[in-house]
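Peer 1: Line order of the protein sequences matches chains A and B.
The first sequence begins at 1 in my numbering and counts up one residue at a time.
The second sequence begins at 1001 in my numbering and counts up one residue at a time.
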Amino acid sequence: MRLELGRIRITDVQFGDQTRVTGGTLFINQGELKDLLEEDPDIARVELDLAKPGEDVRIIPVKDVIEPRVKVQGPGGVFPGFISKVDTVGSGRTHVLDGVAVVTTGKIVGFQEGIIDMGGPGAAYSPFSQTLNVVVKITPVEGLPQHKHEQAVRLAGLKAAAYLGNAGRELEPDQLEVYELGSYLENAAAFPGLPKVVYLYMLQSQGLLHDTYVYGVDAKKILPSLISPTEIMDGAIVSGNCVSACDKNTTYHHQNNPVIAQLFQRHGRDLCFLGVVITNENVTLADKERSSSYAAKLVKMIGAEGAIITEEGFGNPDTDLMMNCRKLEELGVKTVLITDEYAGRDGASQSLADAVPQANAVVSAGNANEMITLPPCGKVIGDLEAAEVIAGGFAGALAPDGSLRVEIQAITGSTCELGFSKLRGDGF
Amino acid sequence: MAEHKKLRVVHYLNQFFGQIGGEDMAGVAPLVKEGPVGPGLALAGALGEAGEVVATVICGDNYAGDNLEKAVPEILELIRQQKPDALVAGPAFNAGRYGIACGAVGQAAARELGIPVVTGMYQENPGVELYRKDLYIIATEDSARGMRGAIPKMAALLLKLARGEEIGSPEAEGYLPRGIRRNRFAAENGAARAVEMLVAKLKGEAFTTELPMPDFDRVPPNPPVRDLRSATIALVTSGGIVPKGNPDRIESSSASKFGKYSLEGLTDLTSDTHQTAHGGYDPVYANGDPDRVLPLDVARELEAEGVFGKLHPYHYATVGNGTSVANAARYGAAIAADLKEAGVDAVILTST
């Protein structure tokens, strides 16, 4: 499969009469976007706001982050199964509004939504402190149950991203990246001397607001499958998660998976990137055993000698991570794991809920329990009171002056287990 | 600028390094000698103008080892009398009794005198596992051959601690990792580091994991309850079921406490009486009927039918979501002690 990713560099975002990109500025017709999102009968009201890097702005509680993209050539459309039909995506050309992110917020859905600070010390911890954020604040209709509320917010975020992405349809990209992988046989034959590597991509699927969707299918219900990395760039994987904000893989993270980017970068040089196997993180032991066995088998079947395994969430899925590692190593596939840590606020506790001796090559995305003080911000988008109930927050986290004392667990993307950020945990 | 006060350092040694004698003198009780003794001379040299070894406290290996609980307060009292600013213990190399004594004395001095402490041991010394979390232990060779290498590192780290300077990584400072995890920003993102590590692993080259795996406790299950009909059963949950309003404000994640709540007079939990404090799952079903997580209704029925003797009149609850293993173990031990005291025979432990 061959996908051209055309990046349109956006340097500013403003509200305007017409939704379009001019001279690197994205103008948004506020009324039109609001009307589109308010079509959903589960949504009572939508408010739009803008938050830019360096501003004295806090967004809380953050639900999902999505990058605006549009399919300009080739079959299917972005976010298949939600915004577009379910044709196979991942080939042709896709345009990206590079530098822009849709951020969904509003009344809290579960407990596990996050904080993005556009300035101050918190900004170092979230990748979305560096993006031009179009913040969509959603008020659901009265009495909407939580799972319906989550769905309404998820769909609104995807719709907004697709709507904005469309503004890049006719533009000439500033940069064109080409991603192409042949069939497994062709690929292996092209690089006979290089080790064959697969990416085993664990999708959060614990259920009860911990869900991920693949072409619209709830990932709980899949058997591990092969997928082209370029399909993922077109939004084939969508987050529906209320796991802790720090290690929630937002839809933006899926669209811009850094492991895929790194494997492409070193493909043909240090390794031969065969492709991606997706698997899930279900809660029952039988599911865990089945999925890890099936995933390990697929990775081995297509000829991998090495695999990167990434996790989403923590605690219960640590078991899936370790089963995947153990079973692959037992099949002779060398593994490297990316996870984060819950070592306590003092860093003195054991970091993971499960461990196997085969996990001898682990990248740590940081200790999520580490504390941070976020000084008050001039402007808050969303609902600051949420700080006391979100994961990583606690009663008393919110000081009268509006400053927050929280674990970095509460910051969106701070310890992303796809290895998106530079934060790492270290032994002292 | 204020002149740097010369640090008053006390040095703790065993009878051998304290030049009292060999194994035949291992029973010697704690004593003080003025100024540095034996390896203390090298320590004094390494401290230079910054510090002075004001006294050496010496205790026999057997005296300390045979009754640590008695010996440590005696040793600590001798140290306290010197009004020290800091303590150096050892190095003990691979000597087990000596290593444990250095660790115990160091831990007591750090806790009770609030002074910086540095010791030194070989990585396999049993004192390492016991005290690495509490103390900075400089990694040494397994015998006194390593004295020359160990002393300057111990002195340098002690001075840093005394000045309140930031302590670098174990590699940089030479101490054995204490199992403390801290965050920093790396030069490359996690994905780049992971792929780099995989390339090295595939080539058979050296690589260093960023998170060494811990040794996990495996708790063997207790034998089954012999006679259920006379047994007292308690309900304990990490699923966060608390009285409505969450009176102890147990956190939705990383719980800092557990709660003990009366079940007296209750036969059923409802959305009016109870709720979940847990932030790790959709709370709709647990809040709608808290018995789904803490099965009081069924327990009361079985109690009435005489299937078991009686239900313990309290339940215990915490939130098992992002809660550190050390805290979870602590709550578990406290709950278990309370249950044992109340004569509870068995527990139904529910999660989420």
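No residue lacks a Cβ here, since even glycine has one placed at the ideal position from N, Cα and C.
SER239 (chain A) and LYS220 (chain A) - do their beta-carbons sit closer together than 8 Å?
Peer 2: Translated into positions along the first sequence, residue 220 (chain A) becomes position 220. Translated into positions along the first sequence, residue 239 (chain A) becomes position 239. Going by C-beta atoms, LYS220 (chain A) is not nearer than 8 Å to SER239 (chain A).
Peer 1: Can you name the residues of chain A whose CB is closer than 8 Å to the CB of PRO1214 (chain B)?
Peer 2: Here residue 1214 (chain B) is taken as the residue at index 214 of the second sequence, counted from 1. Those are GLN350, SER351, LEU352 and ALA355, listed as they occur along chain A.
Peer 1: Beta-carbon of PRO258 (chain A) versus every beta-carbon of chain B: anything under 8 Å?
Peer 2: In the first sequence, residue 258 (chain A) corresponds to position 258, counting from 1. Yes, PRO258 (chain A) lies at the interface with chain B (some Cβ there is under 8 Å from its Cβ).
Peer 1: If we ignore side chains and look at the alpha-carbon of each, how far apart do ARG1226 (chain B) and VAL1347 (chain B) end up?
Peer 2: For the purposes of this step, residue 1226 (chain B) is taken as residue 226 along the second sequence, with counting starting at 1. For the purposes of this step, residue 1347 (chain B) is taken as residue 347 along the second sequence, with counting starting at 1. Between ARG1226 (chain B) and VAL1347 (chain B), the C-alpha separation is close to 14 Å.
Peer 1: Alpha carbon to alpha carbon, how far is ASN360 (chain A) from GLY120 (chain A)? Give it in angstroms, no decimals.
Peer 2: The sequence position of residue 120 (chain A) within the first sequence is 120, counting from 1. The sequence position of residue 360 (chain A) within the first sequence is 360, counting from 1. Between the alpha carbons of GLY120 (chain A) and ASN360 (chain A) lies a distance of about 36 Å.
Peer 1: Can you tell me whether GLY1168 (chain B) is buried or exposed? The criterion is at least 16 other CB atoms within 10 Å of its CB, across all chains shown.
Peer 2: Mapped onto the second sequence, residue 1168 (chain B) falls at position 168. Label assigned to GLY1168 (chain B): exposed.
Peer 1: Are any of the Cβ atoms in chain B nearer than 8 Å to that of GLY306 (chain A)?
Peer 2: What you label residue 306 (chain A) is simply residue 306 of the first sequence in a count that begins at 1. Yes - at least one Cβ of chain B is within 8 Å of the one on GLY306 (chain A).
Peer 1: Which partner residues of GLU180 (chain A) appear in the DSSP bridge assignment?
Peer 2: Position 180 of the first sequence, counted from the start, is the residue given in the question as residue 180 (chain A). Within the DSSP bridge table, the entry for GLU180 (chain A) names A:ARG2 as partners.
Peer 1: Between which two residues does the alpha helix (DSSP H) harbouring ALA1044 (chain B) extend?
Peer 2: Counting from 1 along the second sequence, the entry for residue 1044 (chain B) is found at position 44. First-last of the alpha helix (DSSP H) with ALA1044 (chain B): 1039 to 1047.
Peer 1: Just the Cα atoms here: how many angstroms apart are LYS1203 (chain B) and TYR252 (chain A)?
Peer 2: Taking the second sequence and counting its residues from 1, one reaches residue 1203 (chain B) at position 203. Taking the first sequence and counting its residues from 1, one reaches residue 252 (chain A) at position 252. Computed Cα separation, rounded: 33 Å.
Peer 1: Nearest by alpha-carbon distance to PHE264 (chain A): which of A:ILE309, A:GLU177, A:THR319 and A:ARG326 is it?
Peer 2: If you number the first sequence from 1, residue 264 (chain A) lands on position 264. Among A:ILE309, A:GLU177, A:THR319 and A:ARG326, the Cα nearest to that of PHE264 (chain A) is on A:GLU177.
Peer 1: Tell me whether the beta-carbon of PRO224 (chain A) lies closer than 8 Å to the beta-carbon of LEU274 (chain A).
Peer 2: Residue mapping note: residue 224 (chain A) aligns to position 224 of the first sequence, counting from 1. Residue mapping note: residue 274 (chain A) aligns to position 274 of the first sequence, counting from 1. Taking 8 Å as the Cβ cut-off, PRO224 (chain A) and LEU274 (chain A) do not qualify as a contacting pair.
Peer 1: Does the contact criterion of 3 or more C-beta pairs under 8 Å hold for the region 1293 to 1304 of chain B versus the region 1324 to 1331 of chain B?
Peer 2: no
Peer 1: So THR251 (chain A) is in the alpha helix (DSSP H); what residue range does that whole segment cover?
Peer 2: Position 251 of the first sequence, counted from the start, is the residue given in the question as residue 251 (chain A). Segment 251 to 255, the alpha helix (DSSP H) holding THR251 (chain A).
Peer 1: Could you tell me whether the Cβ of ALA1231 (chain B) comes closer than 8 Å to any Cβ of chain A?
Peer 2: Mapped onto the second sequence, residue 1231 (chain B) falls at position 231. By this cut-off, ALA1231 (chain B) is not an interface position.
Peer 1: Any beta-carbon of chain A closer than 8 Å to the one on MET1001 (chain B)?
Peer 2: As a first step, residue 1001 (chain B) is located in the second sequence; it is residue number 1 there, counting from the start. Low confidence applies here, because MET1001 (chain B) scores a pLDDT of 39, under 50, leaving its location unreliable and the question unanswered by this model.
Peer 1: Go ahead and pull the three-state DSSP assignment for ASN133 (chain A).
Peer 2: In the first sequence, the residue the question calls residue 133 (chain A) occupies position 133. Strand at ASN133 (chain A).
Peer 1: Would you mind telling me which residues of chain A sit closer than 7 Å to SER1324 (chain B), beta carbon to beta carbon, in chain order?
Peer 2: One-based indexing of the second sequence puts residue 1324 (chain B) at position 324. Going along chain A in sequence order, the residues near SER1324 (chain B) (Cβ under 7 Å) are TYR342, ALA343, GLY344, SER349 and ASN369.
Peer 1: Quick one: measure Cβ to Cβ for GLN112 (chain A) and GLY1279 (chain B), integer angstroms, because I've assumed they're closer than 8 Å.
Peer 2: Locating residue 112 (chain A) in the first sequence gives position 112, where the first residue counts as 1. Locating residue 1279 (chain B) in the second sequence gives position 279, where the first residue counts as 1. GLN112 (chain A) to GLY1279 (chain B), Cβ: 6 Å. Contact.
Peer 1: Anything in chain B within Cβ reach of GLU407 (chain A), meaning under 9 Å, just list it in chain order.
Peer 2: One-based indexing of the first sequence puts residue 407 (chain A) at position 407. Within 9 Å Cβ-Cβ: SER1253, SER1254 and GLY1322.
Peer 1: How long is the line joining the alpha carbons of ALA1002 (chain B) and GLU1049 (chain B), rounded to whole angstroms?
Peer 2: On the second sequence, residue 1002 (chain B) is found 2 positions in, with the first residue counted as 1. On the second sequence, residue 1049 (chain B) is found 49 positions in, with the first residue counted as 1. Low local confidence applies: a pLDDT of 44 at ALA1002 (chain B) is under 50, so the model's placement there is unreliable, with the coordinate-based value given in what follows. Whole-angstrom Cα-Cα distance: 15 Å.
Peer 1: Counting C-beta neighbours from all protein chains within 10 Å, is the total for PRO1214 (chain B) 16 or more, i.e. buried, or is it exposed?
Peer 2: Working through the second sequence from its first residue, we reach residue 1214 (chain B) at position 214. PRO1214 (chain B) comes out exposed.
Peer 1: Closest Cβ-Cβ distance between GLN146 (chain A) and chain B: below 8 Å?
Peer 2: Taking the first sequence and counting its residues from 1, one reaches residue 146 (chain A) at position 146. Yes, because at least one Cβ of chain B sits closer than 8 Å to the Cβ of GLN146 (chain A).
Peer 1: Compute the distance between the beta-carbons of HIS95 (chain A) and ARG169 (chain A), then report whether it is under 8 Å.
Peer 2: Within the first sequence, residue 95 (chain A) is the residue found at index 95, counting from 1. Within the first sequence, residue 169 (chain A) is the residue found at index 169, counting from 1. Yes.
Peer 1: Can you list, in chain order, the residues of its chain whose CB lies under 6 Å from that of SER183 (chain A), leaving out five sequence neighbours each side?
Peer 2: Within the first sequence, the letter at position 183 stands for residue 183 (chain A). Same-chain partners within the cutoff: there are none.
Peer 1: Would you call GLY24 (chain A) buried or exposed, if buried means 16 or more other Cβ atoms sit within 10 Å of its Cβ?
Peer 2: What you label residue 24 (chain A) is simply residue 24 of the first sequence in a count that begins at 1. Its Cβ having fewer than 16 others within 10 Å, GLY24 (chain A) is exposed.
Peer 1: Are the C-beta atoms of PRO1177 (chain B) and some chain A residue less than 8 Å apart?
Peer 2: Here residue 1177 (chain B) refers to the residue found at position 177 of the second sequence. Interface residue, yes.
Peer 1: Whole angstroms is fine: what's the gap from LYS1160 (chain B)'s alpha carbon to PRO1152 (chain B)'s?
Peer 2: Mapped onto the second sequence, residue 1160 (chain B) falls at position 160. Mapped onto the second sequence, residue 1152 (chain B) falls at position 152. The C-alpha of PRO1152 (chain B) is placed about 12 Å away from the C-alpha of LYS1160 (chain B).
Peer 1: Taking the beta strand (DSSP E) that ILE1079 (chain B) belongs to, which residues open and close that run?
Peer 2: Reading the second sequence from its first residue, position 79 is the one you call residue 1079 (chain B). In the DSSP assignment, ILE1079 (chain B) falls outside any beta strand (DSSP E) and lies within the alpha helix (DSSP H) extending over 1068 to 1081.
Peer 1: Could you pull out every residue in the same chain whose Cβ sits closer than 7 Å to the Cβ of GLN175 (chain A), ignoring the five residues on either side in sequence?
Peer 2: As a working mapping, residue 175 (chain A) is identified with position 175 in the first sequence. Within the same chain, Cβ atoms closer than 7 Å to the Cβ of GLN175 (chain A) are found at ARG7, the five residues on either side in sequence being excluded.
Peer 1: DSSP on ALA51 (chain A), reduced to helix/strand/coil?
Peer 2: In the first sequence, counting from the first residue as 1, residue 51 (chain A) sits at position 51. ALA51 (chain A) falls in the strand class under three-state DSSP.
Peer 1: Per DSSP, what kind of secondary structure is LEU384 (chain A) in: helix, strand or coil?
Peer 2: Residue mapping note: residue 384 (chain A) aligns to position 384 of the first sequence, counting from 1. Residue state, collapsed to three classes: helix.
Peer 1: Give the secondary structure of GLY1280 (chain B) by DSSP, where H, G and I count as helix, E and B as strand, and everything else as coil.
Peer 2: Taking the first residue of the second sequence as 1, we reach residue 1280 (chain B) at position 280. Three-state DSSP puts GLY1280 (chain B) in coil, outside helix and strand.
Peer 1: Let's test the definition: count the other Cβ atoms within 10 Å of the Cβ of GLN1107 (chain B) and tell me whether it reaches 16, buried, or not, exposed.
Peer 2: As a position in the second sequence, residue 1107 (chain B) is number 107, starting the count at 1. With a 10 Å radius around the Cβ and a threshold of 16 neighbouring Cβ atoms, GLN1107 (chain B) comes out buried.
Peer 1: Does chain B have any CB closer than 8 Å to the CB of ASP426 (chain A)?
Peer 2: Counting from 1 along the first sequence, the entry for residue 426 (chain A) is found at position 426. Look at ASP426 (chain A): its C-beta is under 8 Å from a C-beta on chain B.
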